[in-house]
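Below you'll find the structure, written out as structure tokens, and then a few comments.
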Amino acid sequence: MISQPQGWEIEQKHSLEQRFRQFLDGHLEQEMLRFTTAGSVDDGKSTLIGRLLHDTRNIYEDQLASIRASRVNRSGRDVDLSLLTDGLRAEREQGITIDVAYRYFSTARRKFIIADTPGHEQYTRNMATGASTADVAIVLIDARAFKRVGELLPQSRRHTYIASLLRIPHVVAAINKMDLVDYSPEIFDQVSAEFSELADRLELKSIEVIPVSALCGDNVVERSQRMDWYGGPTLLEYLETAPLALREASGEPLRFPVQLVARPNAEFRGFAGRVERGEVRTGMRVRALPSGRVTTVKRILTYDGELPAAGFPLSVTLELEDEIDLSRGEMLVSETQLAPHIRSSFRAMVVWMHAEPLSEGRTYLAKHTTRTVRASVRRIRYRVDIHSIEHQQSSQLQMNDIAEVEFTTGLPLFFDAYADNREMGALILMDPVTNATVGAAMIVSDLDEGGRHTALEEARCGEQEAALVWLRGREQVAAALLERIRQAGRAAVILDDPLIPDSSLPAVMRALQLAKVTGISSRSDLSRATLAALQELAGPRFFTTAEAAATLAEAAPSQEAK
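Numbering (my numbering), first residue to last: 1306 to 1867.
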């Protein structure tokens, strides 16, 4: 006979369930901070992360047993904590970090996602990738190496510069291996002074310098008794209290790049994507880029049901009131708010990641939000000397070089400056043959640098100023006209890319109209339907001779005249 549970047992079970739910709810409501480690090779980044995980009791017993049993141990102690993140066989054999390793841990105050990035110069691209979403960058500096060399190592400078380019809000200089310099306050002061000078030159707004020993645990989680001369926070204290920048989605202009057109049946057509900036609401009037068509948001759909509004970084599907031409790579913005830059030329800070140099005149693929276009290197404005942070002239970029570069794209991009918005200002460069990622870029501004308008004003300007010139079979004449138009200060592109079929030219022309860019083609023939569509779009600004298009090469009016 099975006895029934007593009333006190049922009450205790309910109490345990309630406390467990409260714990889960409290954990879910905790703030999330993302941070990355950076610095030169063998500065102790993986050991520092292992120490954080170990001393905050975020390591399972089987993980600890596994690294205790490992035949690889370079720490000289019972446990090599760097093995907690260096999981690849090559990493353990060589004693270096190669790939980006992500780890999660939490304390009573916050949740954390760590990106352990490599310090070796060969893997700088992995560091830039891991740091791109960080709230805090921890740049480790080897105190013993600084004492030996007398200055910061080049890779420490490079990673700090990349952190400044990526606009990481907070940067921490963790001066590691203080145990190897006898916890010297003089060495700490020297490193702190040089790093602070570098931070000032890079205009880093929030920095902290902390002396630590990842191997011994000093000032990582527990305060060091051997550095009583230091009165600042421990590394964990800083991570738990660093202010997080809260983005108010409702106050920013809407940016919704379309990733996928969802049409499961004839009754529904939705546009899936992520809100990259601002907020979208049901009933909101939005404009499609590049077509310029205006419609109203009918419904905002998610897997869990409908929403009245959605802001960054929610992924949603929008159903619109009207059937409009909109596809992957295009964008929805507010009809009345400030529009993004809509340009086919811009300048950007580039971190070059490939063994083959970037050179002026080369063409790459640029992937920006959900849009991929061909991008040609117009010129390299300057290359950054990592040692002096000075600007130098260069016609090529070698691997790990950082430079400001001007680009011209085959189709307009819809972007904001990276300084204004990370998501709308970042892009990657790919090799058009292999599709390998060769560079990361942060957009500084468009080359026009004129005033910006609402989406409605941008669309009207584009319809008035864009033109199409068809010079059948005359490639040299087309190239000469392109150069004349650009010298006059106007934007123009050649539309003879073999990847753009004739049937797509009308859609390309709509994009050029919005961007106020003249299109020039020397294609030998166009279908009757394509030609009719282009003539209808361009209207009186459709030309078939260079002479007729000569007015396009007149000097562009000044901004004041506009």
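Note that the Cβ used here is the ideal one computed from N, Cα and C, for glycine as well.
Could you check if residue i is buried or exposed, using at least 16 other CB atoms within 10 Å of its CB as the buried criterion?
i: E1762; result: In this predicted model, E1762 has a pLDDT of only 46, less than 50, meaning its place in the structure is not dependable; the value taken from the coordinates is given anyway. Flag for E1762 reads exposed.
i: Q1317; result: exposed
i: A1853; result: exposed
i: Y1365; result: exposed
i: R1815; result: buried
i: G1666; result: exposed
i: S1461; result: buried
i: T1601; result: exposed
i: V1774; result: buried
i: N1570; result: exposed
i: F1340; result: buried
i: W1534; result: exposed
i: A1395; result: Note that A1395 has pLDDT 41, beneath the 50 cutoff, so the model's placement of it is unreliable and no number is given.
i: Y1407; result: exposed
i: Y1723; result: buried
i: H1659; result: buried
i: N1481; result: buried
i: D1487; result: exposed
i: N1740; result: exposed
i: R1324; result: exposed
i: F1651; result: buried
i: D1348; result: buried
i: Y1608; result: exposed
i: T1823; result: buried
i: H1696; result: exposed
i: D1630; result: exposed
i: V1454; result: exposed
i: K1821; result: buried
i: G1744; result: buried
i: F1848; result: buried
i: V1738; result: exposed
i: D1627; result: exposed
i: A1731; result: buried
i: R1688; result: buried
i: E1661; result: exposed
Measure the beta-carbon distance from residue i to residue j and round it to whole angstroms, keeping in mind my assumption that it falls under 8 Å.
i: N1811; j: T1835; result: For clarity, residue 1811 is Pro in the given sequence; the question names Asn instead. Confirmed, about 7 Å.
i: V1514; j: A1448; result: With 8 Å as the limit, V1514 and A1448 do not qualify as a contact, their Cβ atoms being about 12 Å apart.
i: L1637; j: F1719; result: Incorrect: roughly 10 Å between the Cβ atoms, too far for contact.
i: D1440; j: L1338; result: 5 Å
i: R1633; j: V1585; result: Contact flag wrong, Cβ pair sits at about 18 Å.
i: V1813; j: L1800; result: 6 Å
i: A1927; j: A1843; result: Only positions 1306 to 1867 of the chain appear in the structure, and residue 1927 is not among them; the question remains open.
i: S1649; j: L1716; result: 7 Å
i: L1594; j: E1635; result: 6 Å
i: L1520; j: S1469; result: Not confirmed; about 29 Å, so no contact.
i: E1711; j: L1752; result: 6 Å
Kindly indicate which residue of the options has the alpha-carbon position closest to the one of residue i.
i: I1473; options: P1459, G1616, T1434, L1540; result: T1434
i: V1580; options: A1343, S1489, P1806, N1726; result: N1726
i: I1446; options: V1813, D1609, G1344, V1566; result: G1344
i: I1647; options: S1808, S1809, G1597, A1370; result: G1597
i: F1410; options: E1695, N1363, A1442, V1384; result: N1363
i: V1526; options: L1540, P1516, M1532, G1536; result: L1540
i: I1418; options: E1711, T1438, M1432; result: T1438
i: H1692; options: E1626, P1516, H1464; result: H1464
i: V1415; options: A1671, T1361, S1832; result: First, the residue type needs correcting, since residue 1415 is Arg and not Val in the sequence shown. Of A1671, T1361, S1832, the residue nearest in Cα terms is T1361.
i: A1413; options: I1790, E1336, L1732, C1521; result: E1336
i: I1254; options: F1500, G1522, A1519; result: Nothing can be reported for residue 1254, as the shown portion of the chain is limited to 1306 through 1867.
i: L1663; options: K1672, A1680, L1485; result: A1680
i: E1728; options: N1705, Y1669, I1707, F1617; result: F1617
Which partner residues does residue i have in the DSSP bridge list?
i: P1562; result: M1636
i: R1568; result: None, per the DSSP bridge assignment.
i: R1592; result: V1599, V1638
i: G1575; result: A1567, E1624
i: L1338; result: F1417
i: E1513; result: V1477
i: S1826; result: W1775
i: W1657; result: G1744
i: E1584; result: G1616
i: D1523; result: S1518, E1527
i: K1672; result: T1677, I1733
i: I1685; result: V1710
For residue i, would you say it is in contact with chain C, using Cβ-to-Cβ distances shorter than 7 Å as the test?
i: R1506; result: Among the chains of the structure shown, chain C does not appear; only one protein chain is present.
Item to check | beta strand (DSSP E) segments (min. 3 residues) lying fully within the segment 1605-1641 | outcome: 1610-1612, 1614-1616, 1620-1625, 1636-1639
Next on the checklist: Which complete beta strand (DSSP E) runs does the segment 1788-1824 hold, if anything under 3 residues is left out?
Outcome noted: 1797-1799
Next on the checklist: Suppose only complete runs of 3+ residues qualify. What are the beta strand (DSSP E) ranges in the segment 1707-1757, listed by chain order?
Outcome noted: 1707-1720, 1731-1735, 1742-1751
Item to check | Length-filtered (4 minimum) alpha helix (DSSP H) runs lying within the segment 1422-1501 | outcome: 1429-1436, 1448-1454, 1459-1470
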